[in-house]
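For the sequence shown, position 489 (counting from the first letter as 1) is numbered 489 according to the UniProt record's numbering, and the numbering increases by one without interruption. As structure tokens, the structure follows; a few thoughts come after it.
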Amino acid sequence: MINVLRSVLSEYGLGWTINRNLYSAKLKIMTKFPFTEKLFEKDIEIKRIDLFDFNLETISDYLSKIDIEAKGEIIDIADKAMEGIIKGFSSVDLNFGDPINWHLNPLTGLGNSKDVKWYEIPDFDSNVGDIKVIWEASRLTHFLFFVRAYLITRDKKYYIAFSNQIENWLKNNPYSYGSNYKCGQEATLRMINVLIAYSVFNDYGLITDEDSQNVKLIVDGSYKKVLSNFFYAHKCIKNNHTFSEILGMIIGAWCSDDREKVKKAYKLMNSEISNQFLQDGGYTQYSFNYHRFTLQILECLHKISKKTGISITETDRLKNSVLLLHQVQADNGDVPNYGSNDGALIFPLSTCGYRDFRPVLNTTYALIEKKRLYENGPFDEELLWFGDEIDLPMADIKKKSESFNESGYYTIRHDDGFLMTCLQNYKSRPAHMDQLHIDVWHKGVNLLCDSGTYSYASELGKELTSTIGHNIVKIFGVDQMNKHGAFLVTDWTKRDYVEFNDSSFYGRMNSKNGYSHERKILKKENGYLIEDKLLSKAGTCDFIFHSPCEVELSEEGFILLADNKKIASVKIKGNIRVEDSFSSLYYLRKDRVNRICVSRKIEDGVCKVMYEINLY
């Protein structure tokens, strides 16, 4: 325990430690003396809700021209949501019932009481299950499908569903009771989705006075939650939650007609961009999905800037952050499944799949530079929602081997693909044990892949985020860092050395758990030559590879096959075994992959291995 405390103080800092304990004390005080909750709240009055202005004629025209299959998918998701079947985490249908039980986890059939204060509900309950499942319905993301389905069909049933579900939500979610008031970020996203849907239906003359009052009540409760709990997001979490809740404060303050609070929140937003986005574009949450999440939050902020009369000024880092993700992107828009991935695509405003990052990257880049990042495609719809037009000149940006040294990402490009590795010098809390992990993409196949996250509240999630879930070296019983609970990581690794050019990488990582790992990567004509060196007092180690491909062992190592065709081979010596494992590209969804483990002895404290990855 003393070692954990020492690590927390040195890595997270004294300020964070004090603030986290203050927040814990706040929860204990409110639990024992419920009347004290009022001390943390502020009186507000919602005066206006006409925040969003969309060019609905242009958006409707665009939607009228998409193919029948894409229209059908939008309508199908909307129709199911009318019946309480919500598309959760962009991948799974969650049946909350009709009318919706807003406090149910459909995967376990259990839920939390709506009559219990939010701070009395545990974050993790093994019986009820992952609370994020409960939250999926109350984000009201499906309202975006209601409005898009309405624009396609002009069927008023989608407006009626919107109206009825808001009324039902308010009836079953009194402030501040139940699971849906636990998180300020969730409250912010709920408020945004309600306001977007309100704007669309209001423009078509469908909104009643009762609807308007209900929308104001949603905004009121959401804004109160954000104000009462922002200390936690700002001082303790310091990640995407902070951005979401600052946006929630901007929206709530504007709806309250409080100009000074709007200006103060914009100042906070600029400061947070400087704090969390590095100059070369990296995002300090060390997650490509949360990186995208935050860019969508800032797209939304850009959209409302015409109403607020204020714009963010820290745009260079955001532009660079788009270009970083662009450089680690496959041709189909996908990126390595790097870092924590909770399945969030908070504004699904295109017909592209969840793994396609092009809608967000194209939109963000266009909003900043007034240029397109890609040729016209199905990702243009998002730009119409958050911008003004899609008829923009193309930016001339080529994908190439690239070093983002401050952020710790390195890519080496080859014909038909690329290799990415990461070596961080952590500036904030890490989540995955993935230092020196390699991702290899070839001919559209992520043939050496990251295992993902699966769930923050499961044993499988713990395994996938640990050292053994990545393509690195694993010592039995030892992780790169130490994890306590779902999120607290201590004993952060150190980046000792790094050297890069467009055809090679060399880096060294030191673990406080008693070992160091060096990795050299050299691009060759048809693949890569990799040399690993492990310094440790342990007896043996495993070199780990994860692949969705079929695996065949050979005399020289192993072969990877995609669609029964050889796509790569790895020439390596050692005791090779192939194990069943999982990867998770979507939250709470797992797919079988092969984990190839190559065991080697550590002799005199050193283990050196050289191997070739040949691509076909």
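Beta carbons: idealized from backbone N, C-alpha and C, even for Gly. All values derive from a computational prediction rather than experimental measurement.
Here residue 432 carries a coil assignment [DSSP, helix/strand/coil]. When only Cα atoms are considered, residue 334 and residue 227 end up about 36 Å apart.
Taking a cut-off of 8 Å on C-beta distances, the region 95 to 115 does not touch the region 322 to 333, as fewer than three cross pairs fall below it.
About 15 Å separates the beta carbon of residue 595 from that of residue 541, a gap too long to meet the 8 Å contact definition. Excluding sequence positions up to five before and after residue 60, its CB lies within less than 7 Å of the CB of 151, all in the same chain and listed in chain order. Around the Cβ of residue 598, a 10 Å sphere holds 16 or more other Cβ atoms; the residue is buried. Boundaries of the alpha helix (DSSP H) around residue 224: 209 to 231.
The bridge partners DSSP lists for residue 475 are 478.
Scanning the region 86 to 164 from its first residue to its last, the whole beta strand (DSSP E) runs of 3-plus residues come out as 92 to 95.
Separation of the CB atoms of residue 214 and residue 143 is rounded to 13 Å, and the pair is thereby denied contact status at 8 Å. Here residue 86 has 94, 96, 136, 137, 142 as same chain residues with Cβ atoms under 7 Å from its own Cβ, once five neighbours each way along the sequence are excluded. Contact check for residue 491 against residue 513 passes: the beta carbons are separated by less than 8 Å. For residue 525, no alpha helix (DSSP H) encloses it, and the DSSP letter there is neither H nor E.
Inclusion of residue 410 and residue 543 in the CB contact set at 8 Å is not warranted, their separation being larger than that value. Segment contact: the region 344 to 357 against the region 293 to 305, three or more CB-CB distances shorter than 8 Å; contact assigned.
DSSP places residue 566 inside the beta strand (DSSP E), whose first and last residues are 565 to 571. Uninterrupted beta strand (DSSP E) stretches at least 3 residues long and entirely within the region 337 to 419 occur at 402 to 404, 409 to 414, given in chain order. Within the DSSP secondary-structure output, residue 557 pairs in a beta bridge with 554, 571. Out of 463, 429, 479, 250, the CA that lies nearest to the CA of residue 581 is found in 463. Under the DSSP assignment, residue 441 falls in the beta strand (DSSP E) whose first and last residues are 438 to 442.
Per DSSP, reduced to three states, the secondary structure at residue 562 is strand. Rounded to whole angstroms, the gap between the alpha carbons of residue 498 and residue 479 is 21 Å.
By the neighbour-count criterion, in which 16 or more other beta carbons inside 10 Å mark a residue as buried, residue 450 falls on the buried side. Residue 1: not part of any alpha helix (DSSP H); DSSP gives it neither H nor E.
For a cut-off of 8 Å, the C-beta gap from residue 587 to residue 458 is around 11 Å, too long to register as a contact.
Just measuring C-alpha positions, the residue of 191, 532, 517, 502 sitting nearest residue 523 is 502.
Rounded to the nearest whole angstrom, the CA to CA distance from residue 609 to residue 472 is 12 Å. Annotated as distal: residue 290 and residue 362, with beta-carbon spacing of 8 Å or more. Distance check between residue 584 and each of 330, 84, 91 places 91 closest, using alpha-carbon atoms only. In this structure, DSSP gives residue 316 a helical state, which the three-state scheme calls helix.
Contact check between the region 163 to 172 and the region 370 to 388: fewer than three CB pairs, one atom from each, fall below 8 Å, which does not count as touching. In the DSSP secondary-structure assignment, residue 300 is not bridged to any residue.
Straight-line measurement puts the Cα of residue 195 at about 7 Å from the Cα of residue 51. In this structure, residue 336 sits away from residue 277, with a CB-CB distance that is not shorter than 8 Å. In the structure shown, residue 8 adopts helical secondary structure according to DSSP, grouped into three states.
With a cutoff of 8 Å on beta-carbon distance, residue 176 and residue 238 are scored as not near each other.
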